[in-house]
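A.B. asks: Residue numbers (the working numbering), protein chains in the order written: chain A, 1 to 412; chain B, 1001 to 1291. What follows is a structure written as structure tokens; I'll ask about it next.
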């Protein structure tokens, strides 16, 4: 009976009492206070620069919402971390749900990391707003009912640029040489591209897989020169696109180069005079609409540089979540899903309002092809891209560029 | 025609090998003399790129390429004095940990100072564009880079083999105890070797900046390849590192010609083969203090 010495029992008791006095009320008061949101985005590696913009965007939305009184009278508290790689992203997402007590998850740019976070969301039956990853597979064969996708998927980007190429007589009967990033997103982009070429008479002569750590493209450029294609086409991502277009201009190859994915931060990094061709984007800061301009002005005042498309998309994503919470008066996962699935319209600072498609949880929105301004026309170092008209056109359904039910294997 | 294409890849690989060489040679020198694997070497490469970008803004491209390595070499003095010096005789794991930590700190500092977004360095318009010789296509800029590497290589070789300084350094690699017994302090020589090594890394960073982009993690990206080159070449061997750098460039080019997806893996496969059949590296010498 006396194996427990009195003193240690006392200590344990005191510790327990202390914990209940200090620890538990702390948790309760935290619940009454801020609504915690877990945010993951890559801050290192080939997508790190985009993630840095993503953080600025969501932070600005958080500040604006909190300044206006928060949501349901409670402030938002966004915890934002580097997702590092798919395995770490999943571990962090799980920790945010278990230990930090976040109400739901947001973020990502890397398609492979987005996939592992989606699995965590499904396992824990928690809501995940997947903001910046563009792989078709995420809203296709890997889709799940707990995840909603904001950014345009690869199929839309391919269709947006592809249509511009068809219009410019650069598709039918032309020989295409593609360079594809060797991971989930690149493969997706390549298969969308192949589908588009096949349907529109483009002729794919070679498709090279490029590891994501390649930064010297010279051997590939020599192969392209030997193959003599009509159009070179990039299915790369992140700063690899920048490296490719810089070196393409360094080697002075004569074939026109286009691409199905380019984020504006990577275009800016290439610098004026290196970039050419036609590319897709989901948003650009020169978009000529009052709401968009106000956002750009505020962002530029706050951070001293214009917002990149990942800053914009994070900003509108948190605004959509705030709108949802204000209307359903809850942070419950099932209520979120029901709210978004009923095709609620959202103002995303574009000409047309956007909505989530209920059967694959993809946000339907306008996209834009862009080309490069003639040298000397740019007002500053961020201004050398020339935005084309929105696609789909204002008389078309927002869904014409997206995968149809027959093409998309998603079942929720 | 096939053989011409292949030859073109070989020549291009040699050019790229020259760039690897700038980074790997310093890494090898510092290891050979001090016995320290400098995992922070990539940080100096990145700093070289950022500093050259800043100098270009005020003085233009040429002065930036010359001044940036010198500025970073000065930083190398502090690095040697306050960090490396304490670890020459210590367990190698300690210097590994310290330099690894420093590399991470340097990367974050760069992120704080210059931001996470990649910066753009542009080459002078006069150096941009192709040079076509017969069937071969070269980048004019990379040919210039190759000439610079050849000049630096010649300079370092002369320094190590034709001067009193070089004799002490080479003796220090083989028999540090004997050098000490002769009353020569290796300390100042080590400082000079570190300056030389990190200066070369900075030079590589500066010259490569206009080809790729300048971003905080660029140092971490290059250190692995540099390390592979040193291991393949063999420790302590000047020509071993030269041979390995060129070989790595060529093997990568040829692999990409036939199996593009395996391009980056090929250099690790090469290292595996070399270690399997010749663990000392291609031209590695037997170094007593490491046996």
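Yeah, the Cβ is synthetic: ideal placement off N, Cα and C, and Gly gets one too.
(1) Let me make sure I understand the geometry here. Which of 377(A), 367(A) and 384(A) has the alpha-carbon closest to that of residue 163(A)?
(2) Within 8 Å, do at least three Cβ pairs link the segment 213-225 of chain A to the segment 184-198 of chain A?
(3) Using the beta-carbon of each residue, which ones in chain A are nearer than 8 Å to residue 1264(B)?
(4) Taking only beta-carbon atoms, is residue 1141(B) less than 8 Å away from chain A?
(5) Quick one: what does DSSP say residue 99(A) is sitting in, helix, strand or coil?
(6) How would you write the range of the beta strand (DSSP E) that residue 1131(B) sits in, first residue to last?
(7) Between the alpha carbons of residue 1114(B) and residue 353(A), how many angstroms are there, rounded?
(8) Apart from the five residues on each side of it in sequence, which residues of its chain come closer than 6 Å, Cβ to Cβ, to residue 1065(B)?
(9) Please state if the CB of residue 1055(B) and the CB of residue 1067(B) are separated by a distance shorter than 8 Å.
(10) Within 10 angstroms of the Cβ of residue 1138(B), are there 16 or more other Cβ atoms? Answer buried if so, exposed if not.
(11) In chain order, what are the residue ranges of uninterrupted alpha helix (DSSP H) at least 4 long that sit wholly in the segment 57-104 of chain A?
(12) To which residues does DSSP link residue 177(A) through a beta bridge?
(13) So, at 7 Å on beta carbons, what are the nonlocal neighbours of residue 317(A) in its own chain, with the 5 sequence-adjacent residues on each side left out?
(14) Rank 242(A), 240(A) and 232(A) by C-alpha distance to the C-alpha of residue 254(A) and give the top, closest one.
(15) Per DSSP, which residues does residue 35(A) bridge with? Please list them.
(16) Whose Cβ in chain B lies nearer than 7 Å to the Cβ of residue 252(A)?
(17) Quick one: what does DSSP say residue 149(A) is sitting in, helix, strand or coil?
(18) Are three or more beta carbon pairs between the segment 1162-1181 of chain B and the segment 1029-1041 of chain B nearer than 8 Å?
(19) Report yes if the CB atom of residue 282(A) is closer than 8 Å to the CB atom of residue 152(A), and no otherwise.
(20) By Cβ distance below 8 Å, which residues in the same chain neighbour residue 236(A) in space, the five residues on each side in sequence not counted?
(21) Taking just the CA atoms, how far does residue 398(A) sit from residue 370(A)?
(22) From the beta carbon of residue 307(A), is the nearest beta carbon of chain B less than 8 Å away?
(23) Given this structure, state the Cα-to-Cα distance separating residue 1069(B) from residue 1203(B), to the nearest angstrom.
(24) Show which residues of chain B have a CB atom less than 7 Å away from the CB atom of residue 208(A).
(25) Can you pull out the residues from the segment 348-377 of chain A whose beta carbon lies closer than 7 Å to at least one beta carbon of chain B?
(26) Counting beta carbon pairs with one atom in the segment 1222-1231 of chain B and one in the segment 1144-1157 of chain B, are three or more of them shorter than 8 Å?
(27) Closer than 8 Å between beta carbons: that is the criterion. Which residues of the segment 263-286 of chain A meet it against chain B?
(28) Excluding five sequence neighbours on each side, which residues of the same chain lie with their C-beta closer than 6 Å to the C-beta of residue 27(A)?
(29) With distances taken Cα to Cα, identify the nearest neighbour of residue 175(A) among 230(A), 168(A) and 392(A).
(30) Would residue 361(A) be called buried (16 or more neighbouring beta carbons within 10 Å of its own) or exposed?
(31) Please confirm whether residue 249(A) and residue 274(A) have their CB atoms less than 8 Å apart.
(32) Using a cut-off of 8 Å between C-beta atoms, extract the partners of residue 88(A) located in chain B.
(33) Select from the segment 41-68 of chain A all residues with a C-beta closer than 8 Å to any C-beta belonging to chain B, and list them in chain order.
(34) Would you call residue 67(A) buried or exposed, if buried means 16 or more other Cβ atoms sit within 10 Å of its Cβ?
(35) What's the C-alpha gap between residue 266(A) and residue 1088(B)?
(36) Please confirm whether residue 1120(B) has its beta-carbon closer than 8 Å to some beta-carbon of chain A.
C.D. replies: On the basis of the coordinates in this document:
(1) 367(A)
(2) no
(3) 211, 213 and 214
(4) yes
(5) coil
(6) 1130-1133
(7) Looking at the backbone, the Cα of residue 1114(B) and that of residue 353(A) are separated by about 37 Å.
(8) 1206
(9) Yes, the pair counts as a contact, with Cβ atoms nearer than the cut-off.
(10) Answer is buried; the Cβ neighbour count reaches 16.
(11) 86-98
(12) 206(A) and 232(A)
(13) Contacts found: 106, 129, 131 and 150.
(14) Nearest C-alpha to residue 254(A): 232(A).
(15) 76(A)
(16) 1129 and 1130
(17) strand
(18) By the criterion of at least three beta-carbon pairs nearer than 8 Å, the segment 1162-1181 of chain B is in contact with the segment 1029-1041 of chain B.
(19) yes
(20) 179, 180, 181, 186, 210, 244, 259 and 261
(21) 19 Å
(22) no
(23) Those two C-alpha atoms are separated by around 5 Å.
(24) 1260
(25) Those would be none; no residue qualifies.
(26) The segment 1144-1157 of chain B makes no contact with the segment 1222-1231 of chain B, as fewer than three CB pairs between them are under 8 Å.
(27) 265, 266, 268, 269, 270, 271, 273 and 274
(28) Residue confidence for residue 27(A) is low, a pLDDT of 40 falling below 50, so the modelled location carries little weight and cannot support an answer.
(29) 230(A)
(30) buried
(31) The answer is yes: Cβ separation under 8 Å.
(32) Chain B residues near residue 88(A): none, gap ~15 Å exceeds 8 Å.
(33) So the close ones are 43, 44, 45, 48, 49, 51, 52 and 53.
(34) Label assigned to residue 67(A): exposed.
(35) 42 Å
(36) yes
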